[in-house]
Structures are given as C-alpha cells and as structure tokens.
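Student: Just dropping this structure here.
In our numbering, the protein residues as written are 95 to 441.
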C-alpha cells in the first residue's frame, strides 16, 4: 500500500470546487490593503492576524461567518479584488490544484462604489493572470446570500448569466441557513437554470437534510455545498445518487461550524462508500487555517482513505467541475495522464 505523504498529496492533481474568495486572503495582503485604504485590522502583525482569523471557537455557522467583515473591508476596489483573486489561484497552483472555482457574492464588494460588473471583472482579471503565469484553470461562481432579499439574488443570477462564457461558470446561495430557506430564492435559481448556468447551493451545513432537499427540489442544484447532514436522510441520499448530485465536502470547516463534532464523524467516507459523487475542498482557507493538501491528509488520517481512493476523490473533483463539456473533457485527459504517471512513481 502506498504511504500517503504531504509531498505525494502536493503532486496529486486536484480540483478546488468550494472555495470562498473572501475567506481565503493572505494575512499579509490584508494588512497591506488595510494600510492603503485606512482600514483598521484587529492585529497589526501577519501571523497574529492569521491566528485571529482562524475560527476555532464558533458555536455555529453564523458565529463562524462573523469574521468576514474584516476581509470584506479590504475587498472594495478593483485593484484589491484582482490581487486577492490572483493570489488565491497562485496559492492553489503551488499545492497542486489544477482547477479552481472561486466563489463570492459581488453584492458585498460594492460599498466603496464599484458596480456589480466591476466586482466580477476584477477577480476574473486576477484569475486569468494566474492561469497565464501558473497554468491553473480558474473560474468564478457568483453567490446570492440567504439572508438578503430574494430580489438581490435574482439580480446576482442575472449578473452571473451576463458573465457566462467569460469566466463565470455557476450560481450559488450562501450565508446562514437557519431561518433562511433556499426556496425563497427560487426565482434566482430558475433564471440561472433557464439560461444554462449550473447551480450549486450551500445546504445541510447549518440546517438539516430538509435543507438539502430544498436545494435539490427547488433550486436546480447539480451540486450541494457541504451537504454534511444529508447523511440523516438515507432516502434523500439515494435520490441524490440517482440524480448524480455531487457533494462538495469541507472537513475542517465542518468541525469549526459544529456541523460535525469530530473529523472521524464526518460523512465523507460514508458518501464515498455509498457511491455518491463527492469532492474535497477547503471552504475558507484563512478562517480554517488550511489548504487542499492538508484536507486530503485529513481524509487519509481520519477517514481511512488510501492513496488510490484519494486519487479517485481527486478525479471526481474534475468530473464535477462546472466547465463546459469540451473544456472539462480536455482537462480530465490531462489529469488522467498525470494520475497515471503519479501512480506509477508512487508504487
């Protein structure tokens, strides 16, 4: 059996499908942008800020989300958003990520006067530069926010469709689940679906399996963000499997938000064994103090994944990508060649 090491996991070609742009900033960049724009940060040292931003004391999802005010405060200009997107893709490329879908809600980036279109164009420029310089394929998912008026979500869905084919590959609904049912935002998902834009939806993280059901039944969700509590409803699990709905799992984050108490209890292994489509992701690299190499290592250590199974998990990430079919097939061909070479060298 192949010994799973960090170096081997770094060489493993990976897809990052669930990664929030506003949860994945470099602390040093936050401090530099804060100084440039007259914003006060809770710490003035990069390592101290990194520790402050890591969420290990959250009581629930809403508590976990509280620190985003600090990152968003320095994400209100085109230059900042372009830089942050570039640096995220650069960081991903260094850990063997070949494909990235960075998600965020542009409506949270217009307090400084940007238009919604500018709040999309700037990160796309950063991701395109990273693709040219580092070879990582990087795209955007536009998010609506559960606790905002559904009309805002519809506006964001229209925005996402406007950028379809120009770097935006999907639409999502994020934010606190409790008391904010996804079906209230059905019009936004209908619009995205009717215009051929794939949909994912945060569900089963801060609420139960019924939240996942709503995402599948009312929101055209091809993928589920987190889906941690889907395990509570075996019939819905079977339905998701039949429908080919993919689950975007995030191990560290789910412990932090109390979706599960311990890594050993996470349903990733059970989803994988049941034949569901699953991928492994970071969610918020800054708040979780993690990267994708770390998350794969945790899957091996706490969920018993062998290297061969981690290769299957990695490939599934590319299969579940929101890329057009021709682009996804071409990417998979390159990934399969990499996996074959890596498997031979690791044997």
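Note that CB positions come from ideal geometry on N, CA and C, so glycine has one too.
Going by beta carbon distance, what residues of the same chain come within less than 8 Å of residue 441, once the five residues before and after it are set aside?
Tutor: One-based indexing of the chain shown puts residue 441 at position 347. These residues qualify, in order along the chain: 96.
Student: DSSP three-state label for residue 98, please.
Tutor: Position 4 of the chain shown, counting from 1, holds the residue named residue 98. The answer is coil: DSSP assigns residue 98 none of H, G, I, E or B.
Student: Here's a check: name, in chain order, each residue in its chain whose Cβ is nearer than 8 Å to the Cβ of residue 373, leaving out the five neighbours to either side.
Tutor: Within the chain shown, residue 373 is the residue found at index 279, counting from 1. Contacts found: 109, 111, 112, 340, 341, 342, 343, 407, 410, 411, 414.
Student: For residue 381 and residue 286, what's the separation of their Cα atoms in angstroms?
Tutor: Position 287 of the chain shown holds residue 381. Position 192 of the chain shown holds residue 286. Those two C-alpha atoms are separated by around 29 Å.
Student: State whether the segment 236 to 255 contacts the segment 273 to 280, with contact taken as three or more CB pairs (one from each stretch) at a distance under 8 Å.
Tutor: Yes: at least three Cβ pairs fall under 8 Å.
Student: The alpha helix (DSSP H) with residue 157 in it runs from where to where?
Tutor: The count along the chain shown starts at 1 and reaches residue 157 at position 63. 155 to 158 is the span of the alpha helix (DSSP H), which, as asked, contains residue 157.
Student: Where does residue 40 land, buried or exposed, given buried means 16+ other C-beta within 10 angstroms?
Tutor: Because the chain is modelled from 95 through 441, residue 40 falls outside the range shown and cannot be assessed.
Student: State the CB to CB distance for the pair residue 281 and residue 248, rounded to an integer number of angstroms; the pair is presumed to be in contact (CB under 8 Å).
Tutor: Here residue 281 is taken as the residue at index 187 of the chain shown, counted from 1. Here residue 248 is taken as the residue at index 154 of the chain shown, counted from 1. Confirmed, about 5 Å.
Student: Buried or exposed, going by whether 16 or more other CB atoms sit within 10 Å of the CB of residue 183?
Tutor: The residue you call residue 183 lines up with position 89 of the chain shown. Residue 183 comes out buried.
Student: From the DSSP output, read off the bridge partner residues of residue 109.
Tutor: Position 15 of the chain shown holds residue 109. Answer is 193, bridged to residue 109.
Student: Using 7 Å as the threshold, is the C-beta distance between residue 345 and residue 392 below it?
Tutor: Taking the chain shown and counting its residues from 1, the one referred to as residue 345 is at position 251. Taking the chain shown and counting its residues from 1, the one referred to as residue 392 is at position 298. Yes.
Student: Ignoring anything shorter than 4 residues or poking outside the segment 305 to 364, list the alpha helix (DSSP H) runs there in chain order.
Tutor: Here the runs fully enclosed are 328 to 337, 345 to 350.
Student: Please list, in chain order, all residues of the same chain as residue 436 whose beta carbon is under 7 Å from its beta carbon, the five residues on each side excluded.
Tutor: By one-based count along the chain shown, residue 436 stands at place 342. So the list reads 105, 106, once near-sequence residues are dropped.
Student: Roughly how many angstroms lie between the CA atoms of residue 430 and residue 190, to the nearest whole one?
Tutor: Here residue 430 refers to the residue found at position 336 when the chain shown is read from its first residue. Here residue 190 refers to the residue found at position 96 when the chain shown is read from its first residue. Computed Cα separation, rounded: 14 Å.
Student: Residue 200: buried (16+ other C-beta within 10 angstroms of its C-beta) or exposed?
Tutor: Here residue 200 refers to the residue found at position 106 of the chain shown. Per the 10 Å Cβ criterion, buried.
Student: What runs of the alpha helix (DSSP H), each 4 residues or longer, lie entirely inside the segment 193 to 258?
Tutor: You should have 210 to 228, 244 to 256.
Student: In three-state DSSP terms, what is residue 411?
Tutor: Position 317 of the chain shown holds residue 411. In this structure, residue 411 counts as helix in the three-state DSSP scheme.
Student: Assuming the contact rule is C-beta atoms closer than 8 Å, residue 363 and residue 398 should be a hit. Round their C-beta distance to whole Å, please.
Tutor: Residue 363 sits at position 269 when you count from the first residue of the chain shown. Residue 398 sits at position 304 when you count from the first residue of the chain shown. About 6 Å; that satisfies the 8 Å criterion.
Student: What are the start and end residues of the beta strand (DSSP E) that includes residue 278?
Tutor: On the chain shown, position 184 is the one that residue 278 refers to. Segment: none, residue 278 is in no beta strand (DSSP E) and carries neither H nor E.
Student: Under a three-way DSSP split, which group does residue 116 fall into?
Tutor: By 1-based counting over the chain shown, the position of residue 116 is 22. Here residue 116 sits in helix by DSSP.
Student: Within the same chain, show all residues whose beta-carbon is closer than 8 Å to that of residue 301, passing over the 5 residues directly before and after it, in chain order.
Tutor: Here residue 301 refers to the residue found at position 207 when the chain shown is read from its first residue. Excluding positions up to five away in sequence, the list reads 271, 272, 323.
Student: Assuming residue 176 and residue 207 form a contact by the criterion Cβ under 8 Å, report the distance between their Cβ atoms to the nearest whole angstrom.
Tutor: For the purposes of this step, residue 176 is identified with residue 82 of the chain shown, where counting begins at 1. For the purposes of this step, residue 207 is identified with residue 113 of the chain shown, where counting begins at 1. About 16 Å; that fails the 8 Å criterion.
Student: Can you grab the Cα-Cα spacing for the pair residue 224 / residue 260, in whole Å?
Tutor: The residue you call residue 224 lines up with position 130 of the chain shown. The residue you call residue 260 lines up with position 166 of the chain shown. Distance between the alpha carbons of residue 224 and residue 260 is about 16 Å.
Student: How big is the Cα-Cα spacing for residue 209 and residue 304?
Tutor: Indexing the chain shown from 1 puts residue 209 at position 115. Indexing the chain shown from 1 puts residue 304 at position 210. About 36 Å.
Student: Measuring alpha carbon to alpha carbon, tell me which of 146, 122, 180, 231 ends up nearest residue 422.
Tutor: Indexing the chain shown from 1 puts residue 422 at position 328. Comparing Cα positions, the closest option is 231.
Student: Over what stretch of residues does the beta strand (DSSP E) that includes residue 162 continue unbroken?
Tutor: Stepping through the chain shown from its first residue, residue 162 is reached at position 68. No beta strand (DSSP E) holds residue 162; the alpha helix (DSSP H) holding it covers 162 to 166.
Student: Can you find the residues in the same chain that come closer than 8 Å, C-beta to C-beta, to residue 268, ignoring five residues on each side of it along the sequence?
Tutor: Counting from one through the chain shown, the residue named residue 268 turns up at place 174. The residues are 114, 197, 199, 237, 238, 239, 240, 296, 319.
Student: Using the Cβ count rule (16 or more neighbours within 10 Å means buried), how would you classify residue 371?
Tutor: The residue you call residue 371 lines up with position 277 of the chain shown. Buried, by the Cβ-count rule.
Student: Mind checking who residue 425 pairs with in its DSSP beta bridge?
Tutor: In the chain shown, the residue the question calls residue 425 occupies position 331. Beta-bridge pairing links residue 425 to no other residue.
Student: Strictly by DSSP, which residues pair up with residue 268?
Tutor: For the purposes of this step, residue 268 is taken as residue 174 along the chain shown, with counting starting at 1. DSSP lists 239 as partners of residue 268.
Student: Report yes if the CB atom of residue 162 is closer than 7 Å to the CB atom of residue 130, and no otherwise.
Tutor: Within the chain shown, numbered from 1, the residue matching residue 162 stands at position 68. Within the chain shown, numbered from 1, the residue matching residue 130 stands at position 36. No, they are not a contact pair.
Student: Could you give the distance in angstroms between the alpha-carbon of residue 246 and the alpha-carbon of residue 222?
Tutor: If you number the chain shown from 1, residue 246 lands on position 152. If you number the chain shown from 1, residue 222 lands on position 128. Going from the Cα of residue 246 to the Cα of residue 222 covers about 27 Å.
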